[in-house]
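Asker: In terms of this note's numbering, the sequence shown opens at residue 18 and continues consecutively. Note that the Cβ used here is the ideal one computed from N, Cα and C, for glycine as well. Just so we're clear, the structure is a prediction, and the values are computed from it rather than from any experiment.
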Amino acid sequence: MVWREVPGHGAGSLQAWTQAQSGSYWKHNFGYDYTRAISNPWMHRLVAFDILIGNVDRHAKNWLMDTSGRVYAIDNGYAFPKRNDCRFISSLPLRGLVGQPLTNDVKQLVATISAEKIRSILNDVGFRCREDSGVLRRLNYLKTLVAWEPVGRVQ
Numbered sequence: 018m019v020w021r022e023v024p025g026h027g028a029g030s031l032q033a034w035t036q037a038q039s040g041s042y043w044k045h046n047f048g049y050d051y052t053r054a055i056s057n058p059w060m061h062r063l064v065a066f067d068i069l070i071g072n073v074d075r076h077a078k079n080w081l082m083d084t085s086g087r088v089y090a091i092d093n094g095y096a097f098p099k100r101n102d103c104r105f106i107s108s109l110p111l112r113g114l115v116g117q118p119l120t121n122d123v124k125q126l127v128a129t130i131s132a133e134k135i136r137s138i139l140n141d142v143g144f145r146c147r148e149d150s151g152v153l154r155r156l157n158y159l160k161t162l163v164a165w166e167p168v169g170r171v172q
């Protein structure tokens with residue numbers, strides 16, 4: 018992703034193009050139940066990402082999946098809340114993963130994330146309202162998980 022400020026238009030981002038369809042497309046055309054996609058490692062990554070960034074709006078129209086099953090998070094506009102908790106997180110893919118063990122891939126990815134790097138990245142892109150403290154709290158929470166638990170509005 019490339020972050021840019023365009024005079025007269027404001028701030029925005031440019032993301033890499035991928036040949037993929039929305040979760041809604043897969044559900045309606047092929048019966049793909051993303052809330053039960055426990056064998057798709059990319060869904061596990063998406064859920065970890067949603068928890069980490071505090072996403073409050075993950076549903077079938079704001080993620081893409083290609084024909085190999087790789088998932089791409091899009092429309093993350095309702096993320097990085099100023100609160101430090103998980104009460105409002107809404108990641109519908111998490112519903113089907115509750116009780117399932119975290120994949121080794123997710124455990125390894127989460128273990129490599131450093132607090133210093135998070136603070137640096139968020140500061141560099143202009144976060145100034147302590148969003149980093151919420152991300153760090155959620156990161157520490159993810160590092161303790163053995164199996165997915167209900168979080169926020171996923172009860």
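1) Whole angstroms are fine: how far does the CA of proline 24 sit from the CA of isoleucine 91?
2) My output table needs one value for alanine 77: the three-state DSSP class, helix, strand or coil.
3) Going by other Cβ atoms of all chains shown within 10 Å of its Cβ, with 16 needed for buried, is glycine 113 buried or exposed?
4) Less than 8 Å between the CB atoms is what I'm expecting for isoleucine 135 and aspartate 149, so what's the real figure, rounded?
5) Arginine 75: buried (16+ other C-beta within 10 angstroms of its C-beta) or exposed?
6) Going by DSSP in three states, proline 118 sits in which element: helix, strand or coil?
7) Over the uninterrupted beta strand (DSSP E) stretch that includes tyrosine 42, give me the two end residues.
8) Taking all protein chains shown into account, decide if arginine 53 is buried (16 or more other Cβ within 10 angstroms of its Cβ) or exposed.
9) Looking only at its own chain, which residues have a Cβ that is under 6 Å from the Cβ of proline 110, when we skip the five neighbours before and after it?
10) Would you mind reading off the limits of the beta strand (DSSP E) that contains valine 168?
11) Between the Cα of arginine 104 and the Cα atoms of Trp34, Arg154, Gly27 and Ala37, which residue gives the shortest distance?
12) Taking the CB atoms as reference points, tell me whether serine 107 and valine 73 lie closer together than 7 Å.
13) Cβ of aspartate 67 within 7 Å of Cβ of alanine 37?
14) Over what stretch of residues does the alpha helix (DSSP H) that includes alanine 132 continue unbroken?
Answerer: In terms of the structure at hand:
1) The residue given as residue 91 occupies position 74 in the sequence shown. The residue given as residue 24 occupies position 7 in the sequence shown. Their Cα atoms are separated by approximately 25 Å.
2) The sequence position of residue 77 within the sequence shown is 60, counting from 1. Coil, per DSSP.
3) Position 96 of the sequence shown holds residue 113. Taking all protein chains shown into account, glycine 113 has 16 or more neighbouring C-beta atoms within 10 Å of its C-beta and is therefore buried.
4) What you label residue 135 is simply residue 118 of the sequence shown in a count that begins at 1. What you label residue 149 is simply residue 132 of the sequence shown in a count that begins at 1. Right, the Cβ-Cβ distance comes to about 6 Å (below 8 Å), so this counts as a contact.
5) By 1-based counting over the sequence shown, the position of residue 75 is 58. Here arginine 75 is buried, its C-beta having at least 16 other C-beta atoms within 10 Å.
6) Working through the sequence shown from its first residue, we reach residue 118 at position 101. Strand, per DSSP.
7) Your numbering for residue 42 matches position 25 in the sequence shown. No beta strand (DSSP E) holds tyrosine 42; the alpha helix (DSSP H) holding it covers 40-47.
8) Numbered from its first residue, the sequence shown carries residue 53 at position 36. Around the beta-carbon of arginine 53, fewer than 16 other beta-carbon atoms lie within 10 Å, marking it exposed.
9) Within the sequence shown, numbered from 1, the residue matching residue 110 stands at position 93. Answer for proline 110: Tyr51, Met60, Leu63 and Val64, listed in chain order.
10) One-based indexing of the sequence shown puts residue 168 at position 151. From DSSP, valine 168 is part of no beta strand (DSSP E); its letter is neither H nor E.
11) Position 87 of the sequence shown, counted from the start, is the residue given in the question as residue 104. Nearest neighbour of arginine 104 by Cα position, chosen from Trp34, Arg154, Gly27 and Ala37, turns out to be Arg154.
12) Along the sequence shown, one-based indexing puts residue 107 at 90. Along the sequence shown, one-based indexing puts residue 73 at 56. Less than 7 Å divides the Cβ of serine 107 from the Cβ of valine 73.
13) One-based indexing of the sequence shown puts residue 67 at position 50. One-based indexing of the sequence shown puts residue 37 at position 20. Not a contact, by the Cβ cut-off of 7 Å.
14) Against the sequence shown, residue 132 aligns to sequence position 115. For alanine 132, the uninterrupted alpha helix (DSSP H) segment begins and ends at 132-141.
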